[in-house]
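Numbering (my numbering), first residue to last: 84 to 1024. Below is one structure, written out as structure tokens; the observations come after it.
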């Protein structure tokens, strides 16, 4: 290993691409492993994969359904098709039907060659140990139709390939100490990892009645009920479930399987009549407003739900059929339909019960007539139905009504839902588990659910170690932080303990600009009391005592309180902001009776975009702002000082790279539309947030944000002007001097996009610099990708020196064992995780013109120290944060930009929705802009 690192440290790894501008832009190889800090041995949530495979064969499959109705399988294709007969029209098979067609395809292939060893993800890929011996391609299958077993549906499966997947070449690469000419790409050997993921996922995906597969890598077992908890909130029929994530990854000298505990949101399963009873749901006339509200909520969660319909015939025979709910039966849907003999509803009813609707029934040889659902089931099944809403299992034109008493929702149905605050709390409590509990689940329940000990892996010649991987880490020391003394104007050093500290007897390091004119308002729900003016005055005096420059006399507001409804849906809040603008108000304190997302959105849009007034929303309940909590006051005061341009604290010992005041640190991120209705996500812009430091204190990080094309991760031409604006702001704060070093933390980029950062974004950044720097004084760059949304976790192997939360110690860095020696990356857990299992941040260096030239053999140590100590400079907290502030702030800017666009990112019951059509500004940088008054401030904090 030492030899490999030594050799790789001499090289650069060229970024993938053919652009000539990138001849000098290369991934830097790891200069050396880090050595500073206290050594520690940890477990990682990885298992070693053992295999002697040589070559795998990978096929892609196209599956189409032929629109013919045949009572027996035939093969009228090719030369046997009569002349002039057109090829039957086909359509692509998707969804759950695709699963069953591919399962039947595997059975047919096994009949052709009983020695075949195959795996699939039941969508488009097939991996086998040898080439398929196909008698025909496409392969034609016939299967009974789900809704009509007497009818056969015909499918064609077309195979493409095979592509050879050379596992042996990958293993040679992982075990070699010789640099490889193919190191221009990252990740390496993705086709091997993909093939292994297909193989590892095949076992759990095959158990469709026991395990729910979500996405490409997450599996939830619902056998014997699974591990779930209900998320009851406002009659939303949701539950949280615990499952497992798995993914094959390359490590130094070995192939690894990353396994982690994961959680997801699913439909609540079980008998529907019992759910209706629990939620007190009944059919009701339109005049019953409470019942109608409840029915509308329930109706949003039931369409497309897979159910069992359980019937008991007169002879006692039990029949269970699989169906999907079309909707709750509604009068308005039937009125819009064009079918014949449509059902008849009682007047003034929308969501109807079994007594309120009659449908047309015509038995063979008898005259047709209308009968109510209630009478039909009483006569045919001797069942007396309750007044629960009736389900439509057919369509709008051809309804098929089934009472709730006969319906059972199947388990394991994942849904995209934006959780409400109470649901989020329940989900967090459910997911928040100790490191030991998660490690135990992975090594026990996880292995069973994922089939890691099943014979199917052995057929491929693959086995997985029984024990978690042991890795070596180091614990970096906490840096000191500096405030100002309360009684004397001199610095006071504070020593953090467990990555946190308090502000007892200190003032902020540097106050922002004087806050001369400020005011406040309460926004309260019905029957709630506003926070008294005295509490607000106490808060302002508290701020003044913290060293924040503020006029302790407020500008009296025209009203101290307004109702939540008037503020949200009326003009009262708009008029209040107009008053504030006319009276030169700089800061507004908005006290919320509850954290309603709609009114928060309105406050921030009016303040940030319309009027350019700094706003701070606080919770008015007694445990928070309303009770005068000193801790809560302090947290809010820190935000006010940052918004005003102040510096709350700084490092006791300046980082070496920052001492000369010649280094700017930049962070940027892109957020994309998620949980959107089908067909809507392409209309919603992605949002970019970019922040940059303004001086050596690293306390102020003004931002800029803009829109770009939906789901586009790489930044476009707008980056040039945005980056120039940050350099000019630095210049204005540093006596007209531009920075010599630019350290960039790029947030949220996947491994497959690393090369694109250098190919597409770096040239734009250099273009911005070309406009401001002379040719001989170009700045040096280091670009580091920071990722928080990954699945790597570390667990302590000993109880010695463990914190109370039983997590790894804050400051733990891991740069070996689960990394590749050829690339420069490391995992850092800067924070102390109070609850749950600590999630480290993962940093990967894409370009380095600063650390290696300046620090030589100590480059890795210096970058780890630099990143770690930056985590102690998050301005609104008195603790180290889990990811470095430039990346953290950029993420917050993106979140605020979403708040400014409620027409795109409004919250609905089941999924985010768009209430407006496509915006002409998507991809063009339009949309709401932050007011010029706030543009160079930390308004977003």
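Backbone N, C-alpha and C fix where the C-beta goes; we use that ideal spot for every residue, glycine too. These numbers were taken from a predicted model, which means no experiment stands behind them.
| query | result |
| --- | --- |
| Please go through the same chain and pick out, in chain order, the residues whose beta-carbon is closer than 7 Å to the beta-carbon of residue 1023, but skip the five residues on each side of it. | 786, 975, 976, 979 |
| Compute every distance between the C-beta of residue 392 and the non-hydrogen atoms of the ligand FAD, then say whether any falls below 6 Å. | Only the bare structure without any ligand can be found here, which leaves the ligand FAD out of the picture. |
| Let me know if residue 168 comes out buried or exposed under the rule of 16 or more other beta-carbons within 10 Å of its beta-carbon. | Reliability of the predicted coordinates at residue 168 is poor, the pLDDT of 49 falling under 50, and no value is obtained from them. |
| Runs of 3 residues minimum, wholly inside the segment 442 to 488: which ones carry the beta strand (DSSP E) assignment? | 452 to 455 |
| Does the segment 582 to 594 touch the segment 680 to 690, meaning 3 or more C-beta pairs lie closer than 8 Å? | no |
| In three-state terms, what does DSSP make of residue 848? | helix |
| With DSSP as the reference, please indicate the residues paired to residue 174 in a beta bridge. | 148 |
| Do you know offhand how far residue 399's Cα is from residue 361's? | 29 Å |
| What's the gap between the Cα of residue 314 and the Cα of residue 502? | 9 Å |
| Decide if residue 703 is buried, meaning its Cβ has at least 16 other Cβ atoms within 10 Å, or exposed. | buried |
| Assuming the contact rule is C-beta atoms closer than 8 Å, residue 927 and residue 867 should be a hit. Round their C-beta distance to whole Å, please. | 7 Å |
| Taking its Cβ as the centre, do 16 or more other Cβ atoms sit within 10 Å of residue 124, making it buried, or is it exposed? | exposed |
| Is the segment 886 to 899 in contact with the segment 557 to 570, if contact means three or more CB pairs nearer than 8 Å? | yes |
| Please determine, among 614, 638, 474, the residue with the shortest C-alpha to C-alpha distance to residue 413. | 474 |
| Which same chain residues end up closer than 8 Å to residue 322 when comparing Cβ atoms and leaving out the 5 residues on each side of it in sequence? | 311, 312, 313, 314, 348, 349, 350, 351, 352 |
| If residue 693 sits next to residue 660, beta carbons under 8 Å apart, how far is it from one beta carbon to the other, in whole angstroms? | 7 Å |
| Which complete beta strand (DSSP E) runs does the segment 645 to 711 hold, if anything under 3 residues is left out? | 670 to 675, 697 to 702 |
| When the Cα of residue 484 is compared with those of 567, 472, 494, 495, which residue comes out closest? | 472 |
| If you measure between the beta carbons of residue 222 and residue 240, is that distance less than 7 Å? | yes |
| Just how far apart, CA to CA, sit residue 149 and residue 330? | 36 Å |
| Run through the DSSP bridge pairs and tell me what residue 868 is partnered with. | 829, 927 |
| Which one of 540, 492, 577 has the shortest CA to CA distance from residue 390? | 492 |
| Determine whether the beta carbon atoms of residue 366 and residue 442 lie at a separation below 7 Å. | no |
| Considering Cα atoms alone, identify which of 1019, 869, 550 is closest to residue 965. | 869 |
| By the three-class DSSP mapping on this structure, what secondary structure does residue 841 have? | helix |
| So who's on the other strand from residue 556, going by DSSP bridges? | 123 |
| May I have the straight-line CA-CA distance separating residue 920 from residue 522, to the nearest angstrom? | 10 Å |
| How long is the line joining the alpha carbons of residue 255 and residue 249, rounded to whole angstroms? | 10 Å |
| Take the Cβ of residue 437 as the centre, count every other Cβ of all protein chains shown within 10 Å, and call the residue buried at 16 or more, exposed below. | buried |
| Alpha carbon to alpha carbon, how far is residue 506 from residue 178? | 28 Å |
| Going by beta carbon distance, what residues of the same chain come within less than 6 Å of residue 707, once the five residues before and after it are set aside? | 715 |
| What are the boundary residues of the beta strand (DSSP E) that includes residue 737? | Looking at the DSSP string, residue 737 is not in any beta strand (DSSP E), and its letter there is neither H nor E. |
| Is the separation between the beta-carbon of residue 466 and that of residue 460 shorter than 7 Å? | yes |
| Where does residue 1022 fall in DSSP's three states? | coil |
| Under the three-state reduction of DSSP, which class applies to residue 823: helix, strand or coil? | coil |
| Could you tell me the boundaries of the alpha helix (DSSP H) in which residue 986 lies? | 985 to 988 |
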